[in-house]
Amino acid sequence: MEKSKKASESLTIMTNIVLPNETNSLRNLFGGELLAKMDRCASISAARHCERRVVTASVNHVSFDRPIPEGGIVVLESKVSRAFSTSMEIYVDVWLDDPINQKRIHTNSGIYTFVAVDEFNRPIPIPKMEPETDDEKTRFEAALRRKELSLILSGRMKAADSVELKKLFGS
Ligand SMILES: CC(C)(COP(=O)(O)OP(=O)(O)OC[C@H]1O[C@@H](n2cnc3c(N)ncnc32)[C@H](O)[C@@H]1OP(=O)(O)O)[C@@H](O)C(=O)NCCC(=O)NCCS
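Going by the UniProt record's numbering, the sequence shown opens with residue 1, and the numbers climb by one from there.
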């Protein structure tokens, strides 16, 4: 597919307040609730990029660096970080927003792979993605390495067939 899009065209921002039924016994946002929110946000970015139906193929990495308390305002921001043939990597950043003190704390991030599918759930080609900012370029460069790692861990690729990981580990 010749069409190419900018990362910013897939930008998705979701803002929520943490309600009591979403928390764990420490009254912080339950990890599974956050994962669901991140998956939703990422799926919208993926659909905005490829203008197709998408499915989650893999959750490549999620970190929970800081807790998000009950009543906290959670802001999720996602963008396509790289498009391959039928799959794309989506980066999700999560922030705890404090409007009273006008502060924002980065609480965690996640990296997802989505695949564009047709009406028979078969993968279909997607537009390329052009990174523009320095951050977008950094994430774009590393995405192929992460794709190879994800394919190896899911048994879809032999470690010996990797290109980017071999460069990284020098063998
Ligand atoms: C994702 C899915 C469409 C892939 O179908 P498939 O027949 O295996 O297709 P392919 O092997 O051609 O893979 C399609 C693309 O996904 C990528 N991919 C598949 N699994 C991957 C993984 N674990 N990590 C990274 N990329 C992956 C492939 O590399 C390929 O990318 P490319 O075309 O951009 O190079 C299929 O496995 C599926 O429908 N899974 C269920 C999805 C779902 O229900 N998600 C919701 C979970 S609740």
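Just so you know, even glycine gets a beta-carbon here, dropped at the ideal spot from N, CA and C.
In this text, all values refer to a predicted model and were calculated from it rather than measured experimentally.
- Between Lys147 and Lys128, the alpha-carbon positions lie close to 16 Å from each other.
- Less than 7 Å separates the beta-carbon of Ser87 from that of Val115.
- Taking 7 Å as the cut-off, the beta carbon of Ile126 is found closer than this to the beta carbon of Ala83.
- Residue side-chain check: Ala57 places its Cβ nearer than 6 Å to a non-hydrogen atom of ligand 1.
- Of the residues Lys137, Ala142, Leu149, the one whose Cα lies closest to the Cα of Lys6 is Lys137.
- If you check the C-beta of Val115 against ligand 1, you find a heavy atom less than 6 Å away.
- Using a cutoff of 6 Å, the CB of Phe84 counts as near ligand 1, since one of the ligand's heavy atoms is closer than that.
- Ile68 counts as buried, since at least 16 other C-beta atoms from the protein chains shown sit within 10 angstroms of its C-beta.
- Look at Met38 here: in three-state DSSP terms it is helix.
- Not one heavy atom of ligand 1 lies closer than 6 Å to the C-beta of Ser162.
- With respect to the 7 Å criterion, Thr12 and Ala57 are not classified as neighbours on the basis of their beta carbons.
- When the beta-carbon positions are compared, Ser150 and Ser109 stay at least 7 Å from each other.
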